Amino acid sequence: MKLVSPGEAAANSNDIPAEAGEEFVRIGEMAKKYGVTLRTLRFYEDKGLLNPKRDGSTRLYTRRDKARLKLILLGRKVGFSLRDVKQMMDLYDPTGSNTKQLRLALDKSEKQLARLQKQRALIEDAINELSNSMTVVRRMLTERAAPQASAAG
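When the letters of the sequence shown are read in order and numbered with our numbering, they come out as residues 35 to 187.
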């Protein structure tokens, strides 16, 4: 899982001056672009996962927010909790090697992969059982339809 690329993440402060030419995106555009609701973006902000700049009551999302949202959505897609995602993102240090962050991401990813593989095995078992049951039911229907067909003829 790609956690945060340099240049796309920064400290969690809103006090960073905007870079020259930095584009801001309003909440509606952000929601539409990433297929989430306005409520979801506000929720992520409340949980400290996103930190948009403010112009009055208008939320303005930066490139950093976009990168963080992509990571949140990726983390959720593979089954990480929001707490796990935040924990991994918060370890990012734009000036450091991020070894601790990478180790944590790998550890959490290995555990999640094991959980997903176990779920897949259980789903495959359920599919096989259901398929076998359907085969038995089809056979029973065929057997019961055959005497009716010969009795009608």
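Just so it is clear, CB atoms sit at the ideal spot from N, CA and C, and this is done for glycine as well.
Owing to the predicted nature of the structure, the values given are computational and were not obtained by experimental measurement.
Practice problem: Quick one: give me the first and last residue of the beta strand (DSSP E) that Y95 is part of. | Solution: Where Y95 is concerned, the enclosing beta strand (DSSP E) stretches over 92-95.
Exercise. With DSSP as the reference, label D127 as helix, strand or coil.
Key: Coil at D127, not helix or strand.
Practice problem: Please decide whether T71 counts as near chain E, where near means a Cβ-Cβ distance under 7 Å. | Solution: Structure shown: chain E not included; a single protein chain is present.
Self-check item: Bridge partner(s) assigned by DSSP for D89
Solution: Paired residue(s): T92.
Quiz prompt | G69 (DSSP reduced to helix, strand or coil) | solution = In the structure shown, the three-state DSSP call for G69 is coil.
Quiz item: What does R60 pair with, by DSSP beta-bridge criteria?
Solution: In the DSSP output, where bridge partners are listed per residue, R60 has L94.
Quiz item: Is DSSP giving K134 helix, strand or coil here?
Solution: Reduced to three states, the DSSP call for K134 is helix.
Quiz item: For Y78, which of D89, G90, I61, S91 has the nearest alpha-carbon?
Solution: Comparing Cα-Cα distances from Y78 to each of D89, G90, I61, S91, the minimum goes to I61.
Quiz item: When the Cβ atoms of the region 142-158 are set against those of the region 103-114, are three or more pairs found closer than 8 Å?
Solution: Because the criterion of three Cβ pairs below 8 Å is met, the region 142-158 and the region 103-114 touch.
Quiz prompt | Euclidean distance between Cα positions of E144 and M174 | solution = Taking the straight line from one Cα to the other gives about 45 Å.
Quiz item: Should T96 go down as buried or exposed, given a rule of 16 or more other Cβ atoms within 10 Å for buried?
Solution: Counting other Cβ atoms within 10 Å of its Cβ, T96 reaches 16 or more and is therefore classed as buried.
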